[in-house]
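Chemist: Chains as they are written, first to last, in this note's numbering: chain A, 7 to 377; chain B, 7 to 377.
Backbone N, C-alpha and C fix where the C-beta goes; we use that ideal spot for every residue, glycine too.
Before I ask anything, let me first share the structure, which is written out below as structure tokens.
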């Protein structure tokens, strides 16, 4: 059966003057904004200045919350949501990488439902009021969070991630101006590009893939592979534009399909060992291809994907973990600790080949077992 | 500058069980539905039965308005809107070809604003209340109306069309089940496919084209050209599925760009001479290519478009008017009458080459002047 459903309620403003073109929508969203950022990129990129200038000139008051850390904790979102409610905010603007954008969605939900306990955000029946409108301004080219309703949050204790995803958590608008990515370091540019590439590849191979998600995934993967496989010494404006659009397209692709097992496999080494998310996913890209090639449908989809982006599975298998360059060494106990945290993830079933827990052990041992 | 904005707020349910998969959304839309159809295809296709059965089983009452004729008159929509308001309808379901779907949008606007005079629908400042939610169930594979906010209406006197287009006229959901197109005659299948092809080609060449609209246009045009250039004696289920998805994709493409000059050029011979809309557009496809090839940018875009769908401009130039097979013969006065009706259309400027009024005369004379 041909799968061709489509849903993307976020309005995308891409490129030059994206923020100014979104101005009317922001003005209609209310009188007080809650601006969600981290400590760095929103400021360094100029995006925070541009947003607060626009708000000030429009006579919209705002609260800036810059307390979002990487792998945003659920509790931080809960506290910020309470603050947004106390300040009477009408809408939320997330500015930054995946963390502030994901956090903005949870904050918008808590702000509208300030009586929720933190964990209750995951219960649709308790979130009785629609979340505040969300605007998303990425300063990296990776997450795709600006065009989907996923909010990946770190649970109390900092050892596990759990995705919050509500029907009304889609940003009202995504404001994607590649200039805001110009101040990213080469390292962050590469890691976030690897994240977007993982989105595209995992979406393409997902059994939920549709005509539309597949086209978005191929477009994104082609662009990213073309830019990063040239291993540029620096990323120029044209490359940044291509990576930004590709990351957004990959975000659209996973909005349809979700991600596959490299994502949960990466979560443990991100949360416990500090490996940036994109590199953590790419570390398992070779395994993703190898295991999927074990079944007929997976082998065919891998071959189609590689051909569609102009390369071969063997190249992807070597290249992606190679640039991810994750070097860790664990004891058996440390491996067990990490595998147990991710063994139950739903993403495992979202591939042609479904990993068993034993196979997750095999993969972790092959990569990381201390000699 | 790279153009990559995107907006498609309609949720698309495509293929098997599309209507059932949309059930929850319909149930949430209200307690009384206004069902808009023409006299034939909604019934013959089974779509009307499926919709009324779903509504009945869900306990949603409904009014069926089957008075939409081809090239739907503004006045019909006005009257139907008043009726929908009188019956206390909460939402509108359009079922049929382009005419009922386009009419449904205008009816939803009049139903929410029953004090409007007919022509006032075009004035955003007078339509103070948001239109009722709209669901669109196409029974042809051409219009694309299910995934955009255009409503092409025929003005009083029946000699001119004018597009109504409001920010809230996008269908809430498009329910595209290719089975509903199975009862279309070969002739209607071809004419509606030509309409969708015109959408794809005119969108691709539009100066407003974006990365996303271009991909949708190429996909649509490739599929349609592949199916119709084989000149099938009958259309099987696979062909119908391909044409349905292509027409929807082409509808997405023009939602971004609008259409080019073949559309208004065709309106006169549709309204005054009864040529079906798709064939009327295709009759001018050769001129569209020829004139656009007069400028550098147009020549390049035509060549890219033809190459992308696997053919050559010369083939399109001959093939499209050939299958449209429009044979009409007019006096100079009759030509003047038709050209004057369409000379002011906004679509004329939406191409690399902008036609002058004299050139519209030239085109009409070349096609239709009595020898």
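1. Check whether chain B comes within 9 Å of residue 246 of chain A, counting only Cβ atoms and requiring the distance to be less than that.
2. Tell me the DSSP bridge mates of residue 144 of chain B?
3. If you measure from the beta carbon of residue 22 of chain A to each beta carbon in chain B, is any gap under 9 Å?
4. Under 8 Å by Cβ, that's how I've got residue 145 of chain A and residue 51 of chain A pegged, so tell me the actual separation to the nearest angstrom.
5. Quick one, are the C-beta atoms of residue 156 of chain B and residue 171 of chain B less than 9 Å apart?
6. Verify the CB distance criterion: does residue 10 of chain B have a CB-CB separation below 9 Å to chain A?
7. Write down every uninterrupted run of the beta strand (DSSP E) in the region 23-58 of chain B whose length is 3 residues or greater and which is fully enclosed by it, in chain order.
8. Does the beta carbon of residue 254 of chain A sit closer than 9 Å to a beta carbon anywhere in chain B?
9. How would you list, in chain order, the residues of chain B whose beta-carbon sits under 9 Å from the beta-carbon of residue 262 of chain A?
10. Expressed to the nearest angstrom, what Euclidean distance is found between the alpha-carbon atoms of residue 34 of chain A and residue 151 of chain B?
11. Helix, strand or coil: which one does DSSP assign to residue 360 of chain B?
12. Have a look at A:58, A:94, A:264, A:62 and flag the residue whose alpha-carbon is nearest the alpha-carbon of residue 158 of chain A.
13. Is residue 318 of chain B close to chain A? Criterion is C-beta to C-beta, closer than 9 Å.
14. Within the continuous alpha helix (DSSP H) that includes residue 245 of chain B, where are the two ends?
15. Does the region 20-38 of chain A come into contact with the region 176-183 of chain A, if we say contact requires no fewer than three beta-carbon pairs (one atom in each stretch) closer than 8 Å?
16. Distance cutoff 9 Å, beta carbons only. Does residue 40 of chain A sit that close to anything in chain B?
17. So for residue 131 of chain A, helix, strand or coil by DSSP?
18. I'd like the span of the beta strand (DSSP E) that includes residue 70 of chain B, first residue to last.
19. So the candidates are B:307, B:377, B:361, B:86; which of them puts its Cα closest to the Cα of residue 337 of chain B?
20. Note the first and the last residue of the continuous alpha helix (DSSP H) segment covering residue 297 of chain B.
21. Figure out for me which residue from A:56, A:250, A:111 has the closest Cα to the Cα of residue 188 of chain A.
22. Please tell me whether residue 144 of chain A has its Cβ less than 9 Å away from any Cβ of chain B.
23. Against residue 7 of chain A, what residues of chain B qualify as contacts under a CB-to-CB distance less than 9 Å, listed in chain order?
24. For residue 153 of chain A and residue 200 of chain A, I'd like the C-alpha separation in whole angstroms.
25. 9 Å is my cut-off, CB to CB: does residue 210 of chain B come that close to chain A?
26. Quick one: grab the DSSP three-state call for residue 74 of chain B.
27. Measuring only between beta-carbons, confirm whether residue 241 of chain A sits less than 9 Å from chain B.
28. Is the region 70-81 of chain B in contact with the region 131-143 of chain B, if contact means three or more CB pairs nearer than 8 Å?
29. Should residue 15 of chain A be flagged as near chain B, meaning a C-beta pair shorter than 9 Å?
30. Counting C-beta neighbours from all protein chains within 10 Å, is the total for residue 59 of chain A 16 or more, i.e. buried, or is it exposed?
31. By a C-beta neighbour count over all protein chains shown, 10 Å radius and 16 as the cutoff for buried, is residue 364 of chain B buried or exposed?
Modeler: To lay it out plainly:
1. In the first chain, the residue the question calls residue 246 of chain A occupies position 240. Residue 246 of chain A does not count as touching chain B.
2. Residue mapping note: residue 144 of chain B aligns to position 138 of the second chain, counting from 1. Answer by DSSP bridge pairing, in chain order: B:102.
3. What you label residue 22 of chain A is simply residue 16 of the first chain in a count that begins at 1. Chain B, which has a Cβ nearer than 9 Å to the Cβ of residue 22 of chain A, makes this yes.
4. In the first chain, counting from the first residue as 1, residue 145 of chain A sits at position 139. In the first chain, counting from the first residue as 1, residue 51 of chain A sits at position 45. Going by Cβ atoms, the distance from residue 145 of chain A to residue 51 of chain A rounds to 4 Å, so yes, they are a contact pair.
5. Indexing the second chain from 1 puts residue 156 of chain B at position 150. Indexing the second chain from 1 puts residue 171 of chain B at position 165. Contact flag set, yes.
6. Within the second chain, the letter at position 4 stands for residue 10 of chain B. True, the Cβ-Cβ gap to chain A drops below 9 Å.
7. For the region 23-58 of chain B, whole beta strand (DSSP E) runs of length 3 or above, ordered along the chain, are 38-42.
8. Position 248 of the first chain holds residue 254 of chain A. Answer yes: the Cβ-Cβ gap between residue 254 of chain A and chain B drops below 9 Å somewhere.
9. Numbered from its first residue, the first chain carries residue 262 of chain A at position 256. Here the premise fails: no neighbours, minimum Cβ distance about 11 Å.
10. The count along the first chain starts at 1 and reaches residue 34 of chain A at position 28. The count along the second chain starts at 1 and reaches residue 151 of chain B at position 145. Spanning the two alpha carbons is a distance of roughly 27 Å.
11. For the purposes of this step, residue 360 of chain B is taken as the residue at position 354 of the second chain. Three-state result, residue 360 of chain B: coil.
12. Residue 158 of chain A sits at position 152 when you count from the first residue of the first chain. Ranking the options by Cα distance to residue 158 of chain A, first place goes to A:264.
13. Locating residue 318 of chain B in the second chain gives position 312, counting from the first residue. Not an interface residue.
14. Counting from one through the second chain, the residue named residue 245 of chain B turns up at place 239. That run of the alpha helix (DSSP H) goes 243-263.
15. yes
16. On the first chain, residue 40 of chain A is found 34 positions in, with the first residue counted as 1. Cβ-Cβ to chain B under 9 Å: no for residue 40 of chain A.
17. Numbered from its first residue, the first chain carries residue 131 of chain A at position 125. Coil.
18. Within the second chain, the letter at position 64 stands for residue 70 of chain B. Per DSSP, residue 70 of chain B belongs to the beta strand (DSSP E) from 67-71.
19. Position 331 of the second chain, counted from the start, is the residue given in the question as residue 337 of chain B. For the residues B:307, B:377, B:361, B:86, the minimum Cα distance to residue 337 of chain B belongs to B:377.
20. Here residue 297 of chain B corresponds to residue number 291 of the second chain, with the count starting at 1. Element bounds for residue 297 of chain B: 291-298.
21. Mapped onto the first chain, residue 188 of chain A falls at position 182. Here the closest residue by C-alpha is A:250.
22. Position 138 of the first chain holds residue 144 of chain A. By this cut-off, residue 144 of chain A is not an interface position.
23. Translated into the one-based positions of the first chain, residue 7 of chain A becomes position 1. Simply 21, 22.
24. By 1-based counting over the first chain, the position of residue 153 of chain A is 147. By 1-based counting over the first chain, the position of residue 200 of chain A is 194. Between residue 153 of chain A and residue 200 of chain A, the C-alpha separation is close to 18 Å.
25. Within the second chain, residue 210 of chain B is the residue found at index 204, counting from 1. So no, residue 210 of chain B is outside the interface.
26. Locating residue 74 of chain B in the second chain gives position 68, counting from the first residue. Looking at residue 74 of chain B - three-state DSSP - the assignment turns out to be coil, as it is neither helix nor strand.
27. Reading the first chain from its first residue, position 235 is the one you call residue 241 of chain A. Answer no: the Cβ-Cβ gap between residue 241 of chain A and chain B never drops below 9 Å.
28. no
29. The residue you call residue 15 of chain A lines up with position 9 of the first chain. Closer than 9 Å to some Cβ of chain B, the Cβ of residue 15 of chain A qualifies, so yes.
30. In the first chain, counting from the first residue as 1, residue 59 of chain A sits at position 53. Exposed, because fewer than 16 other Cβ atoms sit within 10 Å of the Cβ of residue 59 of chain A.
31. Numbered from 1 along the second chain, position 358 holds the residue referred to as residue 364 of chain B. Exposed, by the Cβ-count rule.
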